[in-house]
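What follows is a single structure, written as structure tokens, with notes after it.
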Amino acid sequence: MKPLLEIEKLRVSFEGERPVNVLSGVSFSIQKGETLALVGESGCGKSVIAHAVMRLLPSEARVKGSVRFKGTELLELDEKRMSALRGNELAIIFQNPSHALNPVYSIGRQLAEPLRVHQKQGKPDPSQKVLKALKQVGFSRPEHYMKYYPSWCSGGMNQRFLIATSTILGPELLIADEPSKGLDPDRIKEVERELRAHPGAGKTALLLISHDLGFVRRLADKIAVMYSGEIVELAEAADFFEQPLHPYSLGLLGSLPENGFVPIPGSAPALSDPPSGCRFHPRCPYGEKRCLQEHPRLKDTKGRFVRCFLCP
Amino acid sequence: MSLKIKNLSKKYGAGLFSEGTEIFREVSFTLEAGKTFGLMGPSGVGKSTLGRITAGLEKPTDGDVFYKETSIFGLAGAERTAFRRKVQLMFQDPTDAFNPRKKIDRSIFEILKLIKIPEPERPDKTRTMLETIGLSEEVLSRFPAQLSGGQLQRLALGRILLLEPAFIVLDEPTSALDVSVQAQVLHLLKQVQEKWRIGYLLISHDEAIINFMSDSRGLLENGKLRVLD
Amino acid sequence: MQKETCVHEKEPCVYEDVELQREARVRKKACIKKEAYLEKEPGIPDVGYVQKKAPGQKEVDILKKAPGQKEVDILKKAPGQNEAYIKQRTWQEKIPVFRQPIIYLQKYGKFLGTFNRAGLFLLLFFLCMALLPSFFAPYSPAERFTPYEAPSVSHFLGTNDIGNDILSELFYGARISMMVGFASACISTLIGLTIGLLSGYFRGWVDELLMGFTDVVLILPKIPLIIILGAFLHPSVWILILVLGLLSWESLARIVRAKTLQIRESGYVKSARGMGFSPFHIMSTDIIPNIVHVVLPKFMLATASAMISEASLSFLGLGDTSMKSWGMMLSFAFSRGGFIREMWWWYMPPGLCITLCVMAIALVGFGFEPKAGDTEKQVVDI
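Protein chains in written order, with the numbering used here: chain D, 4 to 315; chain Y, 636 to 864; chain F, 232 to 613.
Put into structure tokens, the structure is as follows:
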């Protein structure tokens, strides 16, 4: 089957006094209805992938490689066709719900906005669809909430509105950029529930970007671990949590609360100045001599991809 | 040495004509040197307010905080300044913890100047501090925006340690950090506690962190504190 | 050969040659970097990297450095050098507040746009005029020639009613006009900054008192008051500066207060207060440097508006006749028949100078305003 989203050798660099290679050759694909989670420390380039797919990168960014969505090369589309895709077939949920909603419009109006923009068939009143969408994200009295303004609601409610807005058109690919960052556990659970139960759930593929493995574990089908601008491990979620192969994945799992907060020593290298050889070697407990000199390739072992010399 | 919190109540907006909203009522617990008291509770119950009152930055509506058996709200002048140094606060957002227009070294040197460390000793002091928090000297010449959240949170801790506090109020110290960095910072906090026998008031909404760090725990809910063990 | 696509352009574009060249350059740089890196010693930790540990090992000692290789630490590599570095840094703490704007200028000067550059150039020109009028002016402003002369080779802009050379007057007038502008802007900025900082930082009754006072000043009808004051007091440049300065600080005070209230709640101010820094120290090193970008444009605009006020007051005849500013020249041109005789060379140049100078100052002022993403957020969110 042809994958829904196919990213191949995606390279992004930011130009400046010193150009910074944020992504150095990232490749992965998402099938229809699948959830892929991109995991990694902040500053490893995971949000850049989301922005590159949506073509929302700042103007100093240089993009190479290819991003194919249903066979269309997104990087070569003109702005008009791109904005037709955005919101309609591709949707994104940003990190901070209270900033992503416009405070001067009511919830109902903001939810109807994508319908008005993207579906111009002569339906003057999109409210039925909005009501249905609100019901699906768990509001028992949607007609009541349609008249609300974002500032009247809690952050969790706003996050739910936001997910409803992004999914109201039933996009084929939904990108969630750090939806759980800075939230307390109850709200993380709420977000999790919404991501499972939004209107298009089941049909919609989800690209989930997060640093929180515990959160990702409950949602993802596939996991891609990123480190310093490249993917170091890509595997089915079940396999990954059972037996992580890359030393960095091991370290990440070790620092989870249930595993006793065992930290990975050191800190992630700056993208402007990555170490030679394997980028993880300064922090790796199993490092060998060749790790300092050679850059490992992403090896395919039984459907799992690992970037490490030590893996069979 | 201990910090006793006795029957604290806090109301906001109470005035001549309004009752005000009650945040919490009759909260009591004790912070011991070298021990951690973990304070849990959902967001918006006034955990941070309680932390600020404990550090003497805010006044309670009722109740008192005792440091070495004297009420901290009755202190004045030099005694008050001395107390302020002994109880320090560490905040949630590391990106906000340092003045964006000062390089790190300037922020650090200002503190050393404040606590009257003579100039020749300052580089040594700084070096010892950086060693404690596990950072290299290179960070000194950076602006806060050029450092990662983990590095900044370590520096925020190091900066506090320069003042040699007896107690630190940790207000969600890791909730803005990545999971892997969070583990590092928690371990660093434990290490520091063992070395200097500092008492922590750890405020967090994450039960796992509280369980990992605390010697005793309390749950603040519906305006009341329930001490769990 | 891979294609490079500009994401933000409508048509996809392929940079073949350019791309090749750049790639070669990048490769070259990378080689150099790699060599330098290897020379240092492989495995030298990055910033913030000190200890090393196997996963699963529960007792982690972050304080202790691992033996062997890691002993070669950045800390120990060049102790002498580091010492010097730290000592050398101490002078930085002594940078007085008044130097901050200069540092700011040096740092953000390159962000000025074309218009701002033009403004800067013009302003420098006028400043030269004001500072060294005797260098530019062909005659002394008091020297007399034939009155009402038309422009000629000896008098570029002719002469006025009492025979003074207008070009020379123009050069000497720059000093007075700009002095009034800058001096009264200095006064108003100083007052506005102090009042805004105090009321924003201390809040409570200090805030209520100072802001109440500010509101009173805000509703005073300025121009009539200045006219009355100008008429009652002896018309003098110094009184004018004082009056203009004392009556135009309220909006700055309001802005500074709002910004101070905001910065006061930031983590670094809160922790500085917790550590026991004095309010003065916090205000001068933590708050002021972070509001300079608001105050500087305001200062420039205050200068411009003070110059305009001075010109209009002088035109109304409330200026200082002994110190001939551009506004005064206009006033004389009006009252002594310059307009009736259609001597454009008399009234046009001072008018033009005022306009250009005010424009230059305003343009430079706008250049100080931070552009989105320049100062607030230096790092791209990754």
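Using N, Cα and C, we set each Cβ at its ideal position, and we do this for glycine too.
How would you list, in chain order, the residues of chain D whose beta-carbon sits under 7 Å from the beta-carbon of residue i?
| i | result |
| --- | --- |
| GLN819 (chain Y) | PRO266 |
For residue i, does the count of other Cβ atoms within 10 angstroms reach 16, so buried, or fall short, so exposed?
| i | result |
| --- | --- |
| ASN347 (chain F) | buried |
| SER275 (chain D) | exposed |
| ASN642 (chain Y) | exposed |
| PHE366 (chain F) | exposed |
| VAL228 (chain D) | buried |
| ASN857 (chain Y) | exposed |
| ASN105 (chain D) | exposed |
| TRP576 (chain F) | buried |
| VAL862 (chain Y) | exposed |
| ILE640 (chain Y) | buried |
| MET848 (chain Y) | buried |
| GLY231 (chain D) | Reading off the sequence shown, one finds Ser at residue 231 (chain D), where the question assumed Gly. SER231 (chain D) comes out buried. |
| LYS645 (chain Y) | buried |
| ALA603 (chain F) | Its pLDDT being 44, under 50, ALA603 (chain F) is placed unreliably by the model, and the measurement read from it follows with that caveat. Exposed: under 16 other Cβ atoms inside 10 Å. |
| VAL107 (chain D) | exposed |
| LYS738 (chain Y) | buried |
| GLN319 (chain F) | At GLN319 (chain F) the pLDDT is 41, less than 50, meaning the model places this residue with poor confidence; the figure from the coordinates comes in the next sentence. Exposed, since its Cβ has fewer than 16 Cβ neighbours within 10 Å. |
| LEU770 (chain Y) | buried |
| ARG21 (chain D) | exposed |
Excluding five sequence neighbours on each side, which residues of the same chain lie with their C-beta closer than 8 Å to the C-beta of residue i?
| i | result |
| --- | --- |
| SER69 (chain D) | GLU9, ILE10, GLU11, LYS12, LEU13, GLU76 and LEU78 |
| PRO800 (chain Y) | ARG720, LYS721, VAL722, GLN723 and ILE833 |
List the residues of chain B that residue i touches, going by C-beta distances under 9 Å, in chain order.
| i | result |
| --- | --- |
| SER502 (chain F) | Here chain B cannot be found, since the structure's protein chains are D, Y and F. |
Between which residues of its own chain and residue i is the CB-CB distance below 6 Å, once the five residues before and five after are set aside?
| i | result |
| --- | --- |
| ASP850 (chain Y) | LYS670 and THR671 |
| CYS588 (chain F) | PHE357 |
| VAL309 (chain D) | GLU236, LEU248, HIS249 and LYS302 |
| GLY257 (chain D) | VAL265 |
Apart from the five residues just before and just after residue i, which ones in its own chain have a Cβ nearer than 7 Å to its Cβ?
| i | result |
| --- | --- |
| LEU782 (chain Y) | VAL774 |
| LEU532 (chain F) | ALA593 and GLY596 |
| GLU44 (chain D) | HIS214 and ALA271 |
| GLY217 (chain D) | LEU259 |
| HIS298 (chain D) | GLY280 and CYS281 |
| LEU492 (chain F) | GLY431 |
| ASN262 (chain D) | LEU256 |
Check the Cβ of residue i against every Cβ in chain D and list those closer than 8 Å, keeping chain order.
| i | result |
| --- | --- |
| PRO677 (chain Y) | ASP187 and ASP189 |
| ASP806 (chain Y) | The premise fails here: ASP806 (chain Y) is roughly 14 Å from chain D at the closest Cβ pair, so nothing lies under 8 Å. |
Show which residues of chain Y have a CB atom less than 8 Å away from the CB atom of residue i.
| i | result |
| --- | --- |
| LEU255 (chain D) | VAL814 and SER815 |
| SER231 (chain D) | Those do not exist, as SER231 (chain D) stays about 12 Å from chain Y at its closest Cβ, beyond 8 Å. |
Can you name the residues of chain D whose CB is closer than 9 Å to the CB of residue i?
| i | result |
| --- | --- |
| PHE847 (chain Y) | PRO260, GLY263 and PHE264 |
| ILE844 (chain Y) | PRO260 and PHE264 |
Along chain F, which residues have their Cβ under 7 Å away from the Cβ of residue i?
| i | result |
| --- | --- |
| ILE746 (chain Y) | MET506 |
| LEU798 (chain Y) | MET506 |
Could you tell me how far apart the beta carbons of residue i and residue j are, in whole angstroms, since I believe they sit closer than 8 Å?
| i | j | result |
| --- | --- | --- |
| GLY158 (chain D) | VAL133 (chain D) | About 21 Å; that fails the 8 Å criterion. |
| GLY681 (chain Y) | PHE659 (chain Y) | 5 Å |
| VAL820 (chain Y) | GLN788 (chain Y) | 5 Å |
| LEU797 (chain Y) | ILE768 (chain Y) | No, LEU797 (chain Y) and ILE768 (chain Y) are not in contact; Cβ-Cβ is about 11 Å, not under 8 Å. |
| PRO378 (chain F) | ASP392 (chain F) | 5 Å |
Mind pulling the chain Y residues with CB within less than 7 Å of residue i?
| i | result |
| --- | --- |
| GLY325 (chain D) | For chain D, the structure presents residues 4 to 315; residue 325 (chain D) sits outside this window and is missing. |
| LEU216 (chain D) | VAL814 |
| ASP438 (chain F) | Those within 7 Å of ASP438 (chain F) in chain Y number zero; the least Cβ separation is about 17 Å. |
| SER515 (chain F) | Within chain Y, no residue comes near SER515 (chain F); the closest Cβ sits about 11 Å away, beyond 7 Å. |
| VAL62 (chain D) | The question names Val, yet the displayed sequence has Ser at residue 62 (chain D). Going along chain Y, no residue has its Cβ under 7 Å from SER62 (chain D), so there is no contact; the nearest lies around 20 Å. |
Please tell me whether, using a cut-off of 7 Å, the distance from the CB of residue i to the nearest non-hydrogen atom of the ligand PLP is below it.
| i | result |
| --- | --- |
| ILE833 (chain Y) | This structure does not include the ligand PLP; it has no bound ligands of any sort. |
Interface residues of chain F around residue i at Cβ under 9 Å?
| i | result |
| --- | --- |
| ALA690 (chain Y) | GLY505 |
| THR809 (chain Y) | Residues of chain F passing the Cβ test: none, with the nearest at roughly 15 Å. |
| ARG719 (chain Y) | ARG504, GLY505, MET506 and GLY507 |
Which chain Y residues are close to residue i, counting only those with a beta carbon under 9 Å from its beta carbon?
| i | result |
| --- | --- |
| PRO528 (chain F) | Residues of chain Y passing the Cβ test: none, with the nearest at roughly 17 Å. |
| ASN521 (chain F) | ASN734, PRO735 and ARG736 |
| TYR635 (chain F) | Past the edges of chain F, shown from 232 to 613, lies residue 635 (chain F), and the structure says nothing about it. |
Can you list the residues of chain F that residue i reaches, using a CB-CB cut of under 8 Å?
| i | result |
| --- | --- |
| LEU638 (chain Y) | Those within 8 Å of LEU638 (chain Y) in chain F number zero; the least Cβ separation is about 15 Å. |
Any 3 or more C-beta pairs closer than 8 Å across the region 552-560 of chain F and the region 532-544 of chain F
Enough Cβ pairs lie closer than 8 Å, so yes.
Report yes or no: do the region 277-284 of chain D and the region 49-58 of chain D share at least 3 C-beta pairs separated by less than 8 Å?
Segments in contact, no.
Touch test, the region 572-585 of chain F against the region 399-415 of chain F, Cβ-Cβ under 8 Å, three pairs minimum
Put simply, the region 572-585 of chain F touches the region 399-415 of chain F. At least three CB pairs are less than 8 Å apart.
Count Cβ pairs between the region 483-493 of chain F and the region 415-432 of chain F that sit closer than 8 Å; are there 3 or more?
Short answer: they touch.
Specify whether the region 190-209 of chain D and the region 137-156 of chain D touch according to this definition: at least 3 beta carbon pairs, one from each stretch, less than 8 Å apart.
Taking 8 Å as the limit for Cβ pairs, the verdict is that the region 137-156 of chain D does touch the region 190-209 of chain D.
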